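Since the structure comes first, as structure tokens, the remarks are kept for the end.
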Ligand SMILES: Nc1ncnc2c1ncn2[C@@H]1O[C@H](COP(=O)(O)OP(=O)(O)O)[C@@H](O)[C@H]1O
Ligand SMILES: [Mg+2]
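Residue numbers (the working numbering): 10 to 292.
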């Protein structure tokens, strides 16, 4: 891929967001006063097929809200989402049900997201059962296959996720997310809270799975040095808006927006990323 490329120009977009707006009304603590938060303001984003797009920005900038809308868990107040060339109709529940398996999310705190009353294998089996895709012995066999694929021993299938380490729980969450054969995976701070060695292992797993399962990723992270290693494209959010978007090399080596420059300077990665981009030829 040419180093000057942006998602729009070279690869077809799997997901497109057009002018997304989302407003929350919050109550001030110990008061009846309400105030509004514009979590998303006219957000446009294209996520290139088969690529890893990173979404970065400070806490509260709207990243998880955008993830929930793109993951069709939340309905934007205004704007459009397009998936595989079709406009998502939030009013059509049948269409949403058909779409949901294709879009999966993995969050930071899998301990909270994984039901501790279920065994590891049951956690993977649940979505398959709900969708009626597998049953009986085939269901358990599929769970074992998925566990192996994410580097977990199927022997651990009967154990509670609470007995797993943080990295193993993220592997389990990834296996569950893969069960329904999605095309788009949203990783909302999925690597945060893990030690550096585990982070690297999970990241390598995700990159292998991206190839073997033809996945498109949206990786949300506040860790710019991590993003600088793996992203094809980078979008920067600030106060509910995408303030900059481009190839990793463009954003890291020639940031345009003051906020992007601030973010990069704060972790001191500009020079390092620029060197990496030069050595590795960008993407
Ligand atoms: N369900 C909600 N109800 C009220 N306010 C919310 C809700 N979700 C997010 N917000 C607010 O929207 C803003 C953006 O939040 P979020 O999307 O979680 O940002 P980020 O993921 O970048 O930290 C924040 O000010 C947050 O407090
Ligand atoms: Mg968040």
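Ideal Cβ placement from N, Cα and C applies to all residues, glycine included.
Here the structure is a predicted model, which is why all the values come from computation and not from measurement.
Ligand 1 heavy atom lying under 7 Å from the CB of residue i
i	result
residue 73	yes
residue 48	yes
residue 68	yes
residue 259	no
residue 33	yes
Inter-residue spacing [alpha-carbon to alpha-carbon] between residue i and residue j
i	j	result
residue 86	residue 160	40 Å
residue 123	residue 25	29 Å
residue 253	residue 260	8 Å
residue 68	residue 237	19 Å
residue 298	residue 98	Lying outside 10 to 292, the shown extent of the chain, residue 298 is not represented and no answer is given.
residue 91	residue 193	13 Å
residue 177	residue 263	37 Å
residue 163	residue 103	34 Å
residue 43	residue 33	10 Å
residue 56	residue 195	11 Å
residue 47	residue 223	34 Å
residue 292	residue 199	Only weak support is given to the placement of residue 292: the predicted model assigns it a pLDDT of 40, under 50, and the value that follows is read from those uncertain coordinates. Distance between the alpha carbons of residue 292 and residue 199: 22 Å.
residue 190	residue 183	11 Å
residue 112	residue 201	21 Å
residue 155	residue 147	12 Å
residue 246	residue 274	16 Å
residue 128	residue 171	9 Å
residue 58	residue 41	46 Å
residue 28	residue 166	44 Å
residue 168	residue 145	19 Å
residue 53	residue 205	32 Å
residue 38	residue 121	25 Å
residue 151	residue 101	31 Å
residue 272	residue 141	45 Å
residue 137	residue 96	26 Å
residue 174	residue 203	10 Å
residue 207	residue 217	15 Å
residue 229	residue 220	19 Å
residue 215	residue 62	13 Å
heavy atom of ligand 2 below 7 Å from residue i C-beta
i	result
residue 118	no
residue 198	yes
Proximity winner among the options, relative to residue i (alpha-carbon distances)
i	options	result
residue 31	272, 250, 269	250
residue 257	133, 60, 43	60
residue 107	178, 139, 242	139
residue 119	181, 77, 242	181
residue 6	241, 148, 185, 84	Residue 6 lies beyond the residue range present for the chain, which begins at 10 and ends at 292; the question has no answer from this structure.
residue 49	78, 41, 215	78
residue 276	38, 234, 170	234
residue 241	230, 229, 255	255
residue 130	81, 117, 109, 153	153
Three-state secondary structure assigned by DSSP to residue i
i	result
residue 134	helix
residue 157	helix
residue 261	helix
residue 88	strand
residue 14	Confidence in residue 14 is poor, its pLDDT being 38 and thus under 50, which makes the residue's placement too unreliable to answer from.
residue 62	strand
residue 219	helix
residue 247	strand
residue 102	helix
residue 255	strand
Integer-rounded CB distance, given that residue j should sit under 8 Å from residue i
i	j	result
residue 23	residue 93	6 Å
residue 65	residue 243	6 Å
residue 73	residue 248	Contact flag wrong, Cβ pair sits at about 14 Å.
residue 179	residue 211	5 Å
Near ligand 3: residue i beta-carbon under 7 Å from a heavy atom
i	result
residue 140	With respect to small molecules bound, the structure shown includes ligand 1 and ligand 2 and not ligand 3.
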